[in-house]
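Participant:
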Amino acid sequence: ELLLRYIEQIFNFLMMTWNGIDRSEIIVRSMIGLIGDLAEAFQNGQIKQWFVADFVHAALKEGRINRNLPN
Numbered sequence: 274e275l276l277l278r279y280i281e282q283i284f285n286f287l288m289m290t291w292n293g294i295d296r297s298e299i300i301v302r303s304m305i306g307l308i309g310d311l312a313e314a315f316q317n318g319q320i321k322q323w324f325v326a327d328f329v330h331a332a333l334k335e336g337r338i339n340r341n342l343p344n
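Start counting the sequence shown at 274; every next residue gets the next number (the working numbering).
1) Kindly indicate which three-state DSSP category Ile299 falls into: helix, strand or coil?
2) Is the beta carbon of Leu307 less than 9 Å from the beta carbon of Ile280?
3) May I have the straight-line CA-CA distance separating Arg337 from Gln319, to the nearest angstrom?
4) Give me, in chain order, the residues of the same chain whose beta-carbon lies closer than 8 Å to that of Ala314; leave out the 5 immediate sequence neighbours on both sides.
5) How would you label Val325, buried or exposed, when you count the other beta carbons within 10 angstroms and need 16 or more for buried?
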């Protein structure tokens, strides 16, 4: 619950990172991991509105399409 108060800032940071010019494959993989961790931490849907952002869908799509992303 302590993390819940920072969700907006976390997703704003993820969006800035996604839109950044220095976005590498490892950054995309790390973003996907963090998004997954947040989804697991808030399984009751407390932050589901944040998962519909366009950049979240784009990052997940890139992760699925680009199988060369490092683990």
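Beta carbons: idealized from backbone N, C-alpha and C, even for Gly.
Facilitator: Put simply:
1) Taking the first residue of the sequence shown as position 1, residue 299 is located at position 26. DSSP places Ile299 in helix when its eight states are reduced to three.
2) Translated into positions along the sequence shown, residue 307 becomes position 34. Translated into positions along the sequence shown, residue 280 becomes position 7. Against a cut-off of 9 Å, the Cβ pair of Ile280 and Leu307 comes out as no contact.
3) Walking along the sequence shown from the start, residue 337 turns up at place 64. Walking along the sequence shown from the start, residue 319 turns up at place 46. So the alpha carbons of these two residues sit roughly 25 Å apart.
4) Translated into positions along the sequence shown, residue 314 becomes position 41. Cβ neighbours of Ala314 beyond the five flanking positions: Leu276.
5) If you number the sequence shown from 1, residue 325 lands on position 52. Per the 10 Å Cβ criterion, exposed.
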